[in-house]
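Each residue of the sequence shown is one higher than the one before, starting from 194 at the first, in my numbering.
Glycine included, each C-beta is placed from N, C-alpha and C at the ideal position.
One structure is given below, encoded as structure tokens.
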Amino acid sequence: MEPSLETTLRTYLPLLAPLLVLQLALQVAAIIDLVRRERVRGGNKWVWGALIVLGEVLGPLVYFVAGREE
């Protein structure tokens, strides 16, 4: 007999919650940084914003590593 969806959620939600919080925190920090900066690499803030929002965890990390212009 397979476990129910409720049982599965109760099992995995405590493990996934910290990852979801981390993802959201990275996205918020990256968006705030993007808005405050005058210039970014590539020159197009809209593209970086889309990458941050749609790229889940990887999008903000790519922005912090490659998108910020010092």
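- For residue 252, the uninterrupted alpha helix (DSSP H) segment begins and ends at 251-255.
- In the displayed model, residue 232 falls within coil according to three-state DSSP, outside both helix and strand.
- Annotation: the continuous alpha helix (DSSP H) that includes residue 242 extends over 238-247.
- Distance from the CA of residue 250 to the CA of residue 199, rounded to the nearest whole angstrom, comes to 26 Å.
- Beta bridge pairing from DSSP links residue 261 with 233.
- One thing to note: residue 261 has its Cβ within 8 Å of the Cβ of residue 230.
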